[in-house]
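Residue numbers (the numbering used here): 1 to 368.
Yeah, the Cβ is synthetic: ideal placement off N, Cα and C, and Gly gets one too.
The structure appears right after this line, and notes come after that.
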Amino acid sequence: MKKHVVFFEAVGGTDKGRDGHRRDTVPMMDYLGKLGWHAEVVQLTDALLKDAEKTKEVYAYVQKVADAYVSRVNPGNLKEEKLYFDLLRKLCDNGVIGMPHPDAMIGYGAKDALTKLADTELVPDDTYAYYDPAEAKRIGVAWGDQHDLKKTFPKTLAKGERVLKQNRGSTGEGIWHVQVEEPLPEGASEVPLNAKIKCIEAVDNHVEHRQLGEFMDFCEKYLVGDNGMLVDMTFLPRIKEGEIRILMLYKHPIYVVHKKPAEGADAFSATLFSGAKYRYDKPEQWDDLVHYFLRQLPHIQTKLGNYDLPLIWTADFILDTDEHGKDKYILGEINCSCVGFTTPVEFLDKTARKVANTIIDIVEDKLS
């Protein structure tokens with residue numbers, strides 16, 4: 001055991017402090033140092049990743065000195081994400097412990113994780129992922145009507161209000177609450193292409209009035225390119241009571257964030273940018289939800305590729321009501337690429353200490 005951990009970061013981006021590093025990276029490294037381990041940051045750029053020789057040098061160095069890496073690169077901070085994942089994958093294949101493995105980042109972080117869990121109690125069974133044919137072929141999805149936006153979305157929208165979520169983006173960009181403006185004829189199983197619809201984007205809760213056919217044409221941009229995808233799921237009106245995020249450290253909950261959308265008839269976004277109010281609670285304050293989620297971890301792990309759980313990740317839930325009128329929780333999203341824990345500030349030091357201890361526990365368990 002080398003007792004050495006590398007933290008990968010991207011150069012630049014709005015997630016950095018004055019020292020050029022993510023605000024949660026240095027506290028984790030400091031605690032590893034206090035525990036007798038060595039930790040360092042390796043910063044990456046798109047130019048470096050496109051230079052095969054320089055990428056080889058990074059690989060050779062990390063593979064030689066480190067027991068493990070911790071990825072602290074936000075989606076979008078590296079345009080050459082595929083090359084970054086190729087580097088991480090090669091390191092994992094050659095003995096470096098990935099936190100997380102790049103394929104776990106893809107499996108957990110992609111929005112179609114919801115469709116992979118649609119046969120569990122976590123997610124409604126009428127949840128669909130749409131691709132273009134080329135992307136479906138690339139990722140090994142059998143092409144069919146259920147993956148075709150223009151064939152399936154008019155049918156799901158006929159059942160009631162829906163949410164479309166793009167795979168890329170953040171802070172609610174490309175997440176649309178869609179509803180038909182005029183009642184459909186009784187027994188209608190499909191919304192006409194010329195039907196007027198009301199579309200609300202979560203990024204700022206702004207409202208657009210469009211026609212269904214034109215809106216689906218607009219949404220095709222979300223399907224283009226690697227990892228292009230839209231997820232279609234039922235709209236849960238109790239989102240207005242707040243989204244509940246569990247921040248996980250490997251197998252253990254650290255705290256729960258209650259994210260209450262801004263007041264307003266159309267507001268449903270739970271992002272700070274849109275005016276949502278955040279409250280930070282201890283896991284014990286959400287005991288039923290936390291224990292329910294922990295019971296689901298084996299199913300989640302199996303369904304999403306059987307990789308080790310990510311080091312730092314989140315699961316977002318929305319309240320719903322079951323057939324008996326009791327509360328139930330619906331999984332809305334998983335995030336694991338680069339979840340930060342710099343807020344609330346009073347949790348930062350304590351969480352960084354827990355992360356450092358967990359990193360050591362994982363390495364010692366893997367290498368013992």
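Per the coordinates, the alpha-carbon of Val203 lies some 25 Å from the alpha-carbon of Leu122.
Each residue's CA atom was taken as its position, placing Gly109 and Arg168 some 10 Å apart. Proximity of the stretch 280 to 293 to the stretch 239 to 248 meets the contact definition, three or more beta-carbon pairs being nearer than 8 Å.
Excluding sequence positions up to five before and after Lys328, its CB lies within less than 6 Å of the CB of Asp320, Asp322, all in the same chain and listed in chain order.
Between Leu114 and the set Asn335, Lys34, Glu81, Val41, the nearest pair of CA atoms involves Asn335. In this structure, Pro253 is the residue among Pro253, Asp308, Arg295 with its C-alpha nearest to the C-alpha of Asp281.
Val5 and Gln146 have their alpha carbons spaced roughly 43 Å apart. Within the same chain, Cβ atoms closer than 7 Å to the Cβ of Ala158 are found at Leu184, Ala188, Ser189, Glu190, Val191, the five residues on either side in sequence being excluded. Residues Tyr280 of the same chain have their beta carbon placed closer than 6 Å to that of Pro344, with the five preceding and five following residues left out of the count. Annotation for Pro27: the continuous alpha helix (DSSP H) segment containing it runs 25 to 34.
For a cut-off of 8 Å, the C-beta gap from Lys165 to Val231 is around 5 Å, short enough to register as a contact. Ranked by how close their Cα comes to the Cα of Val363, the residues Tyr69, Glu40, Tyr61, Gln43 have Tyr69 in first place.
Assignment of beta-bridge partners to His209 by DSSP yields Lys198. The Cβ atoms of Pro102 and Met233 do not sit closer than 8 Å to each other. Rounded to the nearest whole angstrom, the C-alpha separation of Pro237 and Tyr131 is 26 Å.
In this structure, the alpha-carbon of Phe153 lies about 27 Å from that of Pro75. Around the Cβ of Lys366, a 10 Å sphere holds fewer than 16 other Cβ atoms; the residue is exposed. Just so you know, the alpha carbons of Asp46 and Lys155 end up roughly 42 Å apart.
The DSSP-derived three-state label of Asn77 is coil. CA-to-CA, the gap between Ile360 and Leu78 works out to about 28 Å.
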